[in-house]
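Q: I have a structure I would like to understand better, so I am pasting it below and will then ask my questions one at a time.
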Amino acid sequence: MSVESYLEDRLDRDVDGEKLTAILVFMLPGLTLFAIFSVGPMLYSAVGSFFTWDGFTIGQFAGFDTWVATFQDDAIINWSNLLAFQYPMGALPQNIIWMIVHVPFSTLLGLGLALLFADLRGRSILRSMVFLAFTTPTVVIGLVLLFVYDPQAGIFNGLLRGIGLESAVRNWVQEPQIAIYALIAGGVWVQTGFSMLLYSSALAGIDPALLESARVDGAGRFRRFKDIIWPLVKPVTAVVVIMSMIWVIRIFAIVYAAGGPSGGPGGVFSVLGLEVYQAAFSTPIEYSKAMVVALIELVIALPMAWYIASMD
Amino acid sequence: MTRISMRSVSKYFDGGDTVANYKLDMEVDDGEFVVFLGPSGCGKTTALRMIAGLEDLSEGEIYFDDDRVDGMPPADRNVAMVFQNYALYPHMTVRENIEYPLKVRGVPPEERDERIAQVAGLLHIEDQMDSDPGEISGGQRQRTSLARAIIREPSVFLLDEPLSNLDAKLRLEMRSELKRIQNELGITTVYVTHNQEEAMSMGDKIVVLNDGTIRQVAEPQELYQRPRTTWVAKFIGSPPMNLFEGENRDGTVQLAEGNTLPMPAETSSSTVSVGIRPEDIDVSIEPPDTDWTVPGTVKTVEPLGEFVLVNVEVGGSVVNVKVPKTDAEAGDHIHLTFDPTDAYLYDEDGELVA
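Protein chains in written order, with UniProt numbering: chain A, 1 to 312; chain B, 1 to 354.
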């Protein structure tokens, strides 16, 4: 078959002109909004990142200057600290560390709680309590974390005193090498509710006869989990993992509430979102840098969004 | 090879508010094929699940031979179960499904392959081994589920309405298939169904359950010929047995319909009922020369090919009659005749007297 006839075949077959018009007309409002609020700004920043900016006014073409400068900026990547694994390492590595620690914890905790609550009396109350953190505004979570880690009144330090670890008492969010993990714990607390909810519905969807059959076949608790439950909730795991990765890459309010625009002392828990905010809204305004950092976020998040959207 | 004994087994749900089973006492002999038969909600599946170990007993004991097994987890009882919806693991191929019980029990791979090939041959599913359960037909899924159950040579084989999701033709085919496999393997089998045809054709022995209790334990032929209570009589047979109510008076039964049957009743009950199967009644247009007759009016005549089903109004109720052929038409006044040996007498509690 020639290329021409193939194309003709593809193009002409079953195309109903009227239907096509109708589809386009109905899609127009949605596409317009999508173009104005999603595609437009993305292209705008993609183009804008190659220009110089005077405040919010576009200047001259600058090529990759801003990109190079951004990757050499200690606030984004502090290469020497990164090699020594010393905080602050810059927003990008810190954001990635956040992801690496946060995602497995929130996923496994969510699954664990979902399994634990599955056959429990009062499970809806327990689930609501865990899920509550996810419904709370993240700014509030950040403030709550400040209270939790407060050296005098904080419950966490109170707990340490209670078990006799007086020497460990400190202001956790002010300790350069530990602060980020203290905040990650808060993030895990928030996200666990979400992953637990997704896992709960996935578990409810498993035919109980499968687990009974496995019991009769001789599988103990662990084998039933490993051979039956885990493979059957795998699609949900993919969603949970990617949703938490996207959540972490977009994280802002918790960090801002806990450490202000600088991201803690010396930026020890600064993240990409915070850097975008800093570059765009605090003097000196570095609009092109804000665009570059936002694009870095986008480049990380887009493939994950693509993966989720193309799942069956 | 295992004999199952249930001794006074009861099961209550909701803290005793719901009685699923009450004082079940029965034995399944070694290698026997026993069917639990009853309407939905009669507790037959719960009884099976207690044998499997999927439900705890509220009271009573279950023995496999001389070992008490209630309280043991299902894995330790060496039972195999086939579920109504087959319960095939959707993420495993047919082969992996069949292999799973062996894998769990740590059977070495070479032996597994050998046994898989064996059961696959026995159940004729060699060609589907690498398919996913979602890709094969209902009958093949059923075979896969059977293969998974028999592969580890269980001492007890439990089936929970295994044929109810199949179409009529396949059901007939699987029925004889199941019976063949059970004969070949000689595994003690308990089979739950609400379908009396399945029960009659497959069971060595049938346990009829209703409201959580055993109504009768009998061989299929006996169950059909001597139903011990009116409930069983009305449950077995299609259409079920006809029951005529009457009064027990000096060696005769005076029917509510007006005529008298010379039927000596050895019971103190004054109210009795006479049961006659539809296939044991004849329709006669002329008044017959016998005392064993009941007059009635034909309501409908249903020619079903194999036989004709005549619905006759007697008194206020409808009597079903199965005859090879008839000249009677709707509206005809006719006489139902029967042989005295085909009539059963039940006392006022519904128990069989003679």
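We put the beta carbon where it would ideally sit given N, CA and C, even for glycine.
1. The beta strand (DSSP E) that contains Asp61 of chain B, what's its start and end?
2. Around the C-beta of Trp230 of chain A, are 16 or more other C-beta atoms found within 10 angstroms, so that it is buried, or is it exposed?
3. Check each candidate in B:Glu32, B:Arg277, B:Thr189, B:Pro278 and name the one with the smallest Cα separation from Val79 of chain B.
4. Name the chain A residues whose beta carbon is nearer than 7 Å to that of His91 of chain B?
5. So Met81 of chain B contacts chain A; which residues on that side make the cut at Cβ distance below 8 Å?
6. Going by the DSSP bridge assignment, what does Ser10 of chain B pair with across the sheet?
7. May I ask you to report which of helix, strand or coil DSSP gives Phe269 of chain A?
8. In angstroms, rounded to a whole number, what distance separates the CA positions of Ser38 of chain A and Leu302 of chain A?
9. Pick from B:Lys322, B:Glu329, B:His333, B:Pro324: whose alpha carbon is nearest that of Gly315 of chain B?
10. With a threshold of 9 Å between beta-carbons, can Asp119 of chain A be considered close to chain B, or not?
11. Would you grab the beta carbon distance between Ala343 of chain B and Met263 of chain B for me? Rounded to a whole angstrom, and I think it's under 8 Å.
12. Taking the CB atoms as reference points, tell me whether His335 of chain B and Thr293 of chain B lie closer together than 9 Å.
13. Looking at the C-beta of Ala75 of chain B, does it have a partner C-beta in chain A at a distance below 9 Å?
14. I'd like to confirm something about Ile285 of chain B: is its beta-carbon nearer than 8 Å to some heavy atom of the ligand NAD, or not?
15. I need the DSSP call for Thr252 of chain B, collapsed to helix, strand or coil.
16. For Met202 of chain B versus Leu170 of chain B, is the C-beta spacing smaller than 9 Å?
17. For a minimum of 4 consecutive residues, which ranges assigned as the alpha helix (DSSP H) are wholly contained in the segment 283 to 354 of chain B?
18. Arg7 of chain B and Glu61 of chain B look like a contact to me (Cβ under 8 Å); what is the Cβ gap, rounded to whole Å?
19. Give the residues of chain A in contact with Arg105 of chain B, contact being defined as C-beta atoms less than 7 Å apart.
20. Between Phe64 of chain B and Ser155 of chain B, how many whole angstroms is the CB-CB distance? I'm expecting something under 8 Å.
21. Within this structure, are the beta carbons of Leu197 of chain A and Arg127 of chain A separated by less than 9 Å?
22. If the cut is a Cβ gap below 8 Å, which residues of chain B does Asp207 of chain A touch?
23. Distance check for Ile181 of chain B and Leu309 of chain B, CA to CA, integer angstroms please.
24. How far does the beta strand (DSSP E) with Arg215 of chain B in it reach, from first residue to last?
25. Could you give the uninterrupted runs of the beta strand (DSSP E) lying entirely in the segment 169 to 194 of chain B, keeping only those of 3 residues or more?
26. Can you tell which of A:Ser244, A:Tyr277, A:Ile246 has the C-alpha that lies nearest to the C-alpha of Gly260 of chain A?
27. Applying a beta-carbon distance threshold of less than 7 Å, which residues of chain B neighbour residue 313 of chain A?
28. Need the endpoints of the alpha helix (DSSP H) that Asn97 of chain B sits in, please.
29. Under 7 Å Cβ-Cβ, which residues of chain B neighbour Ile228 of chain A?
30. At 3 residues or longer, what runs of the beta strand (DSSP E) sit wholly inside the segment 30 to 91 of chain A?
31. In angstroms, rounded to a whole number, what distance separates the CA positions of Ala202 of chain A and Pro235 of chain A?
32. Distance, Cα to Cα, residue 423 of chain B vs Pro90 of chain B?
33. Does the CB of Pro101 of chain B have a neighbour CB from chain A at under 9 Å?
34. Counting C-beta neighbours from all protein chains within 10 Å, is the total for Gly63 of chain A 16 or more, i.e. buried, or is it exposed?
35. Smallest Cα separation from Ile246 of chain A: which of A:Pro284, A:Val299, A:Glu212?
36. Select from the segment 47 to 60 of chain B all residues with a C-beta closer than 9 Å to any C-beta belonging to chain A, and list them in chain order.
A: Straight from the coordinates:
1. For clarity, residue 61 of chain B is Glu in the given sequence; the question names Asp instead. Glu61 of chain B -> beta strand (DSSP E) spans 59 to 64.
2. exposed
3. B:Thr189
4. Pro231, Leu232
5. Glu212, Ser213, Val216
6. B:Glu59
7. coil
8. 12 Å
9. B:His333
10. no
11. 7 Å
12. yes
13. yes
14. Although the ligand NAD was asked about, the structure shown includes no ligands whatsoever.
15. strand
16. no
17. none
18. 5 Å
19. Gly218
20. 7 Å
21. yes
22. Asn85, Ala87
23. 36 Å
24. 213 to 218
25. 188 to 193
26. A:Tyr277
27. With chain A running from 1 to 312 in the structure shown, residue 313 of chain A is simply not present.
28. 94 to 104
29. Tyr89
30. 51 to 54, 57 to 61
31. 9 Å
32. An answer regarding residue 423 of chain B cannot be provided, because it is not within the stretch 1 to 354 covered by chain B.
33. yes
34. exposed
35. A:Val299
36. Arg49, Ala52, Gly53, Leu54
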